Amino acid sequence: MGSSHAVSGAAGWLAGCAALAAAGVPAEPPVVIVGTVVAAGAALLPDCDHPSSCVAHTFGPATKFLCRRIGRACAVLHARTRTPLDVRDLDGHRTLTHTVLWALVTGLVAAVGGWLGGIAAAAVVTFATTGLAVRALWPKRKRGTLGATLGGAVTAAALVTFGPAGGWWWLGLPVAFGCLAHIAGDALTNTGVPALFPLKLGGRRWRRLRAPRGLRFGTGGRAEHLVRWAMVAGAIGAGWLLAA
Ligand SMILES: [Zn+2]
Numbered sequence: 316m317g318s319s320h321a322v323s324g325a326a327g328w329l330a331g332c333a334a335l336a337a338a339g340v341p342a343e344p345p346v347v348i349v350g351t352v353v354a355a356g357a358a359l360l361p362d363c364d365h366p367s368s369c370v371a372h373t374f375g376p377a378t379k380f381l382c383r384r385i386g387r388a389c390a391v392l393h394a395r396t397r398t399p400l401d402v403r404d405l406d407g408h409r410t411l412t413h414t415v416l417w418a419l420v421t422g423l424v425a426a427v428g429g430w431l432g433g434i435a436a437a438a439v440v441t442f443a444t445t446g447l448a449v450r451a452l453w454p455k456r457k458r459g460t461l462g463a464t465l466g467g468a469v470t471a472a473a474l475v476t477f478g479p480a481g482g483w484w485w486l487g488l489p490v491a492f493g494c495l496a497h498i499a500g501d502a503l504t505n506t507g508v509p510a511l512f513p514l515k516l517g518g519r520r521w522r523r524l525r526a527p528r529g530l531r532f533g534t535g536g537r538a539e540h541l542v543r544w545a546m547v548a549g550a551i552g553a554g555w556l557l558a559a
């Protein structure tokens with residue numbers, strides 16, 4: 316599902332920029348271009364809670380180790396905060412990192428980083444998110460580490476060479492947006508996501524929210540492919556509108 320998430324982040328960001336331009340508030344070209352790449356990569360981030368996810372395979376053993384640790388920490392948090400009505404969770408997947416709260420905090424961290432750290436922080440964010448986006452679109456499931464690293468390095472180097480020294484706080488927006496796009500995408504699957512944690516819903520703190528039955532689909536199925544290609548078409552349309 317990684318490529319679908321990446322496409323959803325990019326298409327959503329481009330569509331938002333096109334809508335702003337249509338409303339007479341056009342975004343600056345770097346916000347459109349860099350923001351699209353960052354949103355595409357950030358749309359993979361919530362799966363950093365699983366050692367077999369696209370995120371885990373992106374930068375080799377480093378990300379695999381990190382994802383395993385995050386998954387365990389999420390499982391501990393779930394076990395300590397669940398109510399008697401919450402279903403038990405053993406691996407931590409689709410818990411904290413699949414909540415609106417986590418998306419907003421992650422965006423805030425990127426925004427503060429971009430504000431205080433300037434171009435250096437922006438380079439780190441674009442390196443990581445470009446790597447994630449490249450890895451998500453890589454055809455081989457367990458390869459692509461070199462491609463992701465090179466892709467991230469090229470984008471970060473271009474940013475440092477041509478980008479302004481400061482004013483990168485806005486990177487928090489595509490980061491938060493990408494995470495939210497991922498959560499919305501997972502809510503369309505049968506498993507759902509506990510998007511509103513820590514709010515208690517029906518006595519459950521980790522209640523999984525899902526789209527109505529008719530709108531849900533299984534991961535990797537035909538419906539997901541159709542939705543992905545529809546988003547690609549939407550991204551091309553939005554890009555064309557912005558370029559016109
Ligand atoms: Zn997910």
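Residue numbers for the sequence shown follow this note's numbering, so the first one is 316 and each next one is one higher.
Beta carbons: idealized from backbone N, C-alpha and C, even for Gly.
Bear in mind that the values here come from a model prediction, so they are computed numbers and not experimental data.
Counting only beta-carbon distances shorter than 7 Å to the non-hydrogen atoms of ligand 1, the qualifying residues in chain order are Pro361, Asp362, Arg409, His413, His497 and Asp501. In the structure shown, Val508 falls within a strand segment according to DSSP collapsed to helix, strand and coil. With a contact defined as Cβ atoms closer than 8 Å, Ala553 and Leu329 qualify at about 4 Å.
Each of Ala342, Ala358 and Leu335 was checked against the Cα of Ile498, and the nearest Cα belongs to Ala358. For the pair Val353 and Leu541, the CB atoms are not nearer than the 8 Å cut-off. Here the alpha carbon of Arg525 sits roughly 7 Å from the alpha carbon of Thr506. Looking at the DSSP output, Leu381 shares a beta bridge with no other residue. In this structure, Thr460 lies near Gly375, with their beta-carbon atoms less than 8 Å apart. Given a length threshold of 4 residues, each whole run of the alpha helix (DSSP H) inside the stretch 482-550 is given here in chain order: 487-502. Here the alpha carbon of Ala321 sits roughly 12 Å from the alpha carbon of Val490. Residues Gly433 and Ile434 of the same chain have their beta carbon placed closer than 8 Å to that of Ala480, with the five preceding and five following residues left out of the count.
Judged by beta-carbon spacing, Ser323 lies within the 8 Å limit of Ala496, meaning their Cβ atoms are closer than that value. Taking C-beta atoms under 8 Å as the contact rule, Thr373 and Gly446 qualify, at a distance of about 5 Å. Taken through DSSP and simplified to helix, strand or coil, Arg409 comes out as coil.
Nearest to Gly549 by alpha-carbon distance, out of Gly327, Met316 and Gly317, is Gly327.
In this structure, Leu488 keeps its C-beta atom at 8 Å or more from the C-beta atom of Gly428. Distance from the CA atom of Thr414 to the CA atom of Lys515, rounded to whole angstroms, is 13 Å. The C-beta separation of Ala451 from Val440 comes to about 16 Å, leaving the pair out of contact by the 8 Å criterion. Counting along the chain, no alpha helix (DSSP H) covers Val340, and no H or E run does either. Annotated three-state conformation of Gly467 is helix, per DSSP.
Thr373 carries a helical assignment under DSSP once its states are collapsed to helix, strand and coil.
Contact between Ala325 and Cys332 fails: their C-beta atoms lie close to 11 Å from each other, not under 8 Å. At least 8 Å separates the beta-carbon of Arg523 from that of Arg397. One alpha carbon belongs to Thr412, the other to Ala418, and they sit about 7 Å apart.
Leu465 places its beta carbon 8 Å or farther from that of Ala437.
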